[in-house]
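Per our numbering, the very first residue in the sequence shown carries number 53; after that it's consecutive. Before any comments, here is the structure.
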Amino acid sequence: MNIGVIGTGYVGLVTGACFAEFGVQVVCADIDAEKIALLERGEIPIYEPGLEELVERNVKQGRLSFTTQTREAVENSLVLFIAVATPALPGGGTDLSAVESVAREIGRTIDEYKVIVNKSTVPVGTAVRVRGWIEEELRAAGRRVEFSVASNPEFLREGAAIGDFMRPDRVVIGTDDSQATAIL
53 MNIGVIGTGY
63 VGLVTGACFA
73 EFGVQVVCAD
83 IDAEKIALLE
93 RGEIPIYEPG
103 LEELVERNVK
113 QGRLSFTTQT
123 REAVENSLVL
133 FIAVATPALP
143 GGGTDLSAVE
153 SVAREIGRTI
163 DEYKVIVNKS
173 TVPVGTAVRV
183 RGWIEEELRA
193 AGRRVEFSVA
203 SNPEFLREGA
213 AIGDFMRPDR
223 VVIGTDDSQA
233 TAIL
């Protein structure tokens, strides 16, 4: 199974590197060209013990790659993890603009069944919105493509994220789709 991770911040980079360590083919995409250039040079833009070695090993073994093209992650993956920033708004809400942007790009790009998994910290009900944004893009293009949406919140502690991912004390997956459940 191939996995795409969209967003290479703390959660996205740890998620991508750890899945690659499990032997999965992973493409990590980010719109930040400078960050992708750093990662392609083997420079990790965040500090997490063991992450640099994990990334280096999996890049060398051909299981982990980086791109600025979300399309590349979508086209080459069965499962897509959305792991983008969701900062707080002044009134206490959550800024979902990056999640919306990624969902719409998936909708413009998707051409076969995918499982779209929200890994970003988002409010309850965001999966319904993600589905809606993807469906809007598909309708606008006059296309019909089956896809599933799921949620898989992260429980990563800074300084212990790799261990938390590789040996979690709990895994939460939210979906109402049996096909997504079977794949995840």
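Glycine residues also receive a C-beta, built at the ideal position from the N, C-alpha and C atoms. Source: prediction; values computed, not measured.
Note that the C-beta distance between Glu73 and Leu106 is below 8 Å.
Bounds of the alpha helix (DSSP H) holding Thr122 are Thr122 to Glu127. Looking at the DSSP output, Leu116 shares a beta bridge with Val78. Per DSSP, reduced to three states, the secondary structure at Gly64 is helical. The three-state reading of DSSP puts Phe71 in helix, counting H, G and I together.
Residue pairing from DSSP places Ala202 in a beta bridge opposite Val169.
Assigned with DSSP and collapsed to three states, Ile88 falls in helix.
In this chain, Val224 is not harboured by any alpha helix (DSSP H), its DSSP state being neither H nor E. Of the candidates Glu187, Thr173 and Val66, the residue whose Cα lies closest to the Cα of Asp216 is Val66. With respect to Ile88, Thr138 sits apart: the two C-beta atoms are not nearer than 8 Å. The beta carbon of Glu108 sits closer than 6 Å to the beta carbons of Gly94 from its chain, once the five residues preceding and following it are set aside; these are given in chain order. In terms of Cα proximity to Pro101, the closest of Cys80, Ala212, Ser200 and Ala232 is Ala212. Spanning the alpha carbons of Asp228 and Ala202 requires a straight line of approximately 8 Å. Beta-bridge partners of Asn54 (DSSP): Gln77. Secondary structure of Ile134 (DSSP, three-state): strand.
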